[in-house]
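> Quick one: this structure, given as structure tokens, is what I'll be asking you about.
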Amino acid sequence: MTDISNLDGPRGRLAYAKTEGAGPCIVFLSGYKSDMEGTKAVHLEAWAKAQGRAFLRLDYSGHGVSGGVFEEGTIGAWADDAFRVIEAATDGPLVLVGSSMGGWIGLLLSQRLGAERVAGFVGIAAAPDFTEDSFWAGFSEETRTTIMEEGQVELPSAFDDPYIVTRALIEDGRENLVLRRPLKMPFPVRLLQGTEDEAVDGSVPLRLLDHIEGDDVRLTLLKHADHRFSEPDCLALIEAAVTEVCG
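Spelled out as structure tokens, the structure:
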């Protein structure tokens with residue numbers, strides 16, 4: 008296992024693991040309440056090592072072994088955490104691999120870093136704009152009122168402890184929506200989605216595919232795969248997508 012390094016961030020210590028190797032450096036961006044010890048992150052790191060490729064995984068503030076409080080985080084703050092680690096730990100071209108919320112963060116980073124640094128993007132069950140289109144859109148008026156007046160609400164989760172959704176998360180999410188503004192991605196983009204994904208509606212990857220401005224954008228649907236996208240056939244598909252965009 009790669010040694011964990013740390014970087015001071017505005018919301019606490021940021022933990023990351025960097026494997027040296029040939030570029031472009033593959034950057035894994037995990038999902039909401041997930042971390043860099045997840046199945047996909049660890050598997051892809053081992054695969055990259057075997058291929059002699061540079062690889063970076065990290066924990067946003069309030070996630071994994073990074074400092075900070077999860078409930079104080081927002082999409083913009085977590086994207087900034089990832090940007091800080093990328094700037095400190097890498098140079099040269101990057102391939103961004105984002106899982107679920109990490110897909111949204113990866114899309115934001117692709118615009119912030121630009122085509123000068125981003126050589127490719129792989130979205131795994133990417134969930135752009137989910138705070139607005141999934142959370143807020145699905146809330147009852149009672150839940151919306153609770154968030155706005157009390158600052159947060161607790162929601163059940165199929166994966167772990169209940170989700171705490173805060174007013175700050177919703178309001179910051181609106182400042183970082185990517186499906187309502189131009190999304191230029193002039194590099195290879197691969198979107199991977201399971202047909203049995205219970206967290207990201209099947210319309211989302213189609214909307215993203217249509218919205219991205221680029222000449223090499225492909226969506227692959229894997230029958231029966233769920234949101235975790237961590238079964239052996241899913242992991243093999245991720246490897247193939249990363250290999251494609253790395254060139």
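Just so you know, we're using the working numbering here: the sequence shown kicks off at 8 and counts up by one. Using N, Cα and C, we set each Cβ at its ideal position, and we do this for glycine too. Note that this is a predicted model, so its numbers are computed, not measured.
When you compare only the Cα positions, how much space is there between Asp204 and Leu228?
10 Å
> Buried or exposed: Arg181, going by 16 or more other Cβ atoms within 10 Å of its Cβ?
exposed
> Kindly indicate which three-state DSSP category Asp15 falls into: helix, strand or coil?
strand
> On a CA-only basis, which of Ala55, Gly38, Gly16 is nearest Gly30? Give me that one, please.
Ala55
> Return the residue from the list Pro100, Val185, Ile11 that minimises the CA-CA distance to Val125.
Considering only Pro100, Val185, Ile11, the residue with the shortest C-alpha distance to Val125 is Pro100.
> Along the chain, where does the beta strand (DSSP E) containing Pro31 start, and where does it finish?
29 to 36 is the span of the beta strand (DSSP E), which, as asked, contains Pro31.
> Which same chain residues, not among the five before or five after Glu139, have their C-beta less than 8 Å away from its C-beta?
If we look at Glu139 and ignore the five residues flanking it on each side, its Cβ neighbours are Ile177, Gly180, Arg181, Leu184.
> Keeping to the same chain, check which residues put their C-beta closer than 7 Å to that of Ala95; ignore five residues upstream and five downstream.
Leu14
> Could you tell me which uninterrupted beta strand (DSSP E) segments, each at least 3 residues in length, are contained entirely in the region 144 to 213, listed from first to last along the chain?
159 to 162, 170 to 173, 196 to 201
> Provide the residue span of the beta strand (DSSP E) that contains Val125, from first to last.
125 to 131
> Taking the straight line between their C-alpha atoms, what separation do you get for Met108 and Glu238?
19 Å
> Can you give me the start and stop residues for the alpha helix (DSSP H) that Ala117 sits inside?
Just to set this straight, residue 117 is Ser in the shown sequence, not Ala. 108 to 120 is the extent of the alpha helix (DSSP H) around Ser117.
> Output the distance between the C-alpha atoms of Arg18 and Pro163, rounded to the nearest integer angstrom.
Straight across, the Cα-Cα distance linking Arg18 with Pro163 is about 26 Å.
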